[in-house]
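Participant: Here it is, the structure in full.
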Amino acid sequence: MNRDELAEFLRVRRARVTPADVGLPAGGSRRTPGLRRQEVAQLAGMSIDYYIRLEQGRGPHPSRQVLNALSRALMLGQDERTHLFHLADQPLDPPRIREDVPGSLLHLITFLEEVPAYVLDARYDIRAWNTMAGVLMGDLDATPPDRRNVIRWVFMSPDIAEHLTDEEKGRFARASVADLRIAAGRYPEDRALQALVAEMLALSPEFAELWSRHEVAVRREQRKHVHHPVVGTIETICQVMPVPDRDDLRLVLYTTEPGSPSHQALRELRQLTLSS
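If you count the sequence shown from 1, position 70 lands on 70 in full-length UniProt numbering, and the numbers rise without skipping.
Take a look at the structure:
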């Protein structure tokens, strides 16, 4: 159980819920934003002393009943609730990030001849990709394995502005960090994941600021404008799909509106791969 992370998560989420959100009177001046500890304890049906100990990182191992009560009191969304359970070490046996990609998934991305597709693990390492993804994202074959990491790319790449607008980069960075937060809670024993977080906290002030927010959300569909030096800007729909029975893997697809200029640009890229 990660008591320090659990305590900080509770404090951050408490500060973001107002008395009005949960039907309580504001009640005069408040020294801190959000709910008071007494109010959270009241809403969750527990003693104030028990809740204070949880926020101070010295509480007992909370039961599922307690976690469910806290989720309701703090108005947590599904992703946030799942993250809370992982921080409290529920289930007791943390899952392991596997690095193998099922053969059926490799076949699938190979057959997607006009759609850039790659497989991402919970650490944001790119584990497999098809030809179109390699063309759209750069020469992945020539990239060292430790550099095939989307988190490092979005926060540390000197040429990120050539691929994403500032607005899109900001949205993508925020979504990626919120998603990585879930992975860090889900796989607390994964040393490579914890090392990645420590590295980014040390090297990227932007990452550190986003990490401090304790936002948690699973990455899903997002629109991106991807710039390619040959065919120009491609407006894509980046779809992130969980792999069945493999929670540590996601399939990422870059699709376009059928018949659009961006669709034609992807077809031109496909022709370039055939002629090279």
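Each residue gets a CB set at the ideal place from its N, CA and C atoms; glycine is no exception.
Model, not experiment: these values are computed from the prediction.
When DSSP builds the beta bridges, which residues end up paired with glycine 232?
Facilitator: In DSSP, glycine 232 forms a bridge with His228.
Participant: Confirm, please, whether the CB-CB distance from leucine 105 to residue 280 is below 8 Å.
Facilitator: Nothing in the structure corresponds to residue 280, since the chain is present only between 1 and 276.
Participant: If you check the beta carbons only, do leucine 54 and asparagine 2 fall under 8 Å apart?
Facilitator: Not in contact: leucine 54 and asparagine 2 (Cβ atoms no closer than 8 Å).
Participant: Restricting to runs no shorter than 4 residues, where is the alpha helix (DSSP H) found entirely within the UniProt domain "HTH cro/C1-type" (11 to 81)?
Facilitator: Listed in chain order, the complete alpha helix (DSSP H) runs (minimum 4 residues) inside the UniProt domain "HTH cro/C1-type" (11 to 81) are 37 to 44, 48 to 55, 64 to 73.
Participant: Tell me tryptophan 129's beta-bridge partners as DSSP assigns them.
Facilitator: Paired residues: Tyr118.
Participant: With a threshold of 8 Å, are at least 3 pairs of Cβ atoms found where one atom belongs to the segment 36 to 55 and the other to the segment 10 to 18?
Facilitator: The segment 36 to 55 is in contact with the segment 10 to 18.
Participant: Within the same chain, show all residues whose beta-carbon is closer than 6 Å to that of methionine 132, passing over the 5 residues directly before and after it, in chain order.
Facilitator: Counting only Cβ-Cβ distances below 6 Å, and skipping sequence neighbours, we find Pro116.
Participant: Within 10 angstroms of the Cβ of alanine 265, are there 16 or more other Cβ atoms? Answer buried if so, exposed if not.
Facilitator: Looking at its Cβ environment, which holds 16 or more other Cβ atoms inside 10 Å, alanine 265 is buried.
Participant: Using CA coordinates, which residue listed in Tyr51, Arg213, Cys238 is at the minimum distance from threonine 255?
Facilitator: Selected option, being the one with the closest Cα: Cys238.
Participant: Kindly indicate which residue of Ser260, Leu251, Glu268 has the alpha-carbon position closest to the one of leucine 108.
Facilitator: Cα-wise, what sits closest to leucine 108 is Leu251.
Participant: Given this structure, state the Cα-to-Cα distance separating leucine 164 from histidine 228, to the nearest angstrom.
Facilitator: Taking the straight line joining both Cα atoms gives about 10 Å.
Participant: Start and end of the alpha helix (DSSP H) containing threonine 110?
Facilitator: That run of the alpha helix (DSSP H) goes 103 to 111.
Participant: Taking the alpha-carbon positions, what's the phenylalanine 111 to asparagine 130 distance?
Facilitator: In a straight line, the C-alpha of phenylalanine 111 is about 9 Å away from that of asparagine 130.
Participant: Given that a residue counts as buried once 16 or more other Cβ atoms are within 10 Å of its Cβ, and exposed if not, what is aspartate 4?
Facilitator: Its Cβ having fewer than 16 others within 10 Å, aspartate 4 is exposed.
Participant: With 16 as the cutoff for other CB atoms within 10 Å, does threonine 32 come out buried or exposed?
Facilitator: Classification of threonine 32: exposed, given that the 10 Å Cβ count is below 16.
Participant: Based on the DSSP secondary-structure assignment, which residues constitute the bridge partners of leucine 269?
Facilitator: Beta-bridge pairing links leucine 269 to no other residue.
Participant: Where does alanine 142 land, buried or exposed, given buried means 16+ other C-beta within 10 angstroms?
Facilitator: Counting Cβ neighbours within 10 Å, alanine 142 comes out exposed, since fewer than 16 surround it.
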